[in-house]
Amino acid sequence: MGQNEPENGEKHGLKDSITGFGQKIIGEIESLAGVINADPLAQAEGEFNVEVGEIREELEEDGVEEDKG
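The numbering of the sequence shown is my numbering, which starts it at 1075 and goes up by one.
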């Protein structure tokens, strides 16, 4: 097993613990990097992450918890 994997075999990375707001920030950075590097795919992925972050924030405000099972 890798260093970051718990002994029970489940993988929990940084992506699992990012909040909606954090995902929006990452999306904005990705989007800007896509513009700077003239990479439309990176820009689109950043915009997608911003939208997903907004949805996650709404769900967090409504008290919906992610199913980890």
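Cβ coordinates follow ideal geometry from the N, Cα and C atoms, glycine included.
This structure is a prediction, so every number in the text was calculated from the model and none was measured.
Can you tell me which of the three DSSP states residue i falls into?
{"i": "Glu1079", "result": "Only weak support exists for where Glu1079 lies, its pLDDT of 49 falling under 50; the value from the coordinates is given anyway. Coil at Glu1079, not helix or strand."}
Mark residue i as exposed unless 16 or more other C-beta atoms lie within 10 angstroms of its C-beta, in which case mark it buried.
{"i": "Glu1104", "result": "buried"}
{"i": "Gly1120", "result": "buried"}
{"i": "Gly1137", "result": "exposed"}
Can you check which of these residues, the options, is closest to residue i by C-alpha distance?
{"i": "Lys1098", "options": "Val1126, Pro1114, Asp1136, Leu1106", "result": "Val1126"}
{"i": "Gly1096", "options": "Val1124, Ala1118, Val1138, Asp1113", "result": "Val1124"}
Out of curiosity, what's the CA-to-CA distance linking residue i and residue j?
{"i": "Ala1118", "j": "Thr1093", "result": "20 Å"}
{"i": "Leu1115", "j": "Leu1106", "result": "12 Å"}
{"i": "Glu1131", "j": "Gly1108", "result": "24 Å"}
{"i": "Glu1102", "j": "Glu1128", "result": "12 Å"}
Q.
List, from N- to C-terminal side, the alpha helix (DSSP H) runs of 4 residues or more that fit wholly inside the segment 1084-1128.
A. List check, alpha helix (DSSP H) in window: 1088-1091, 1094-1110.
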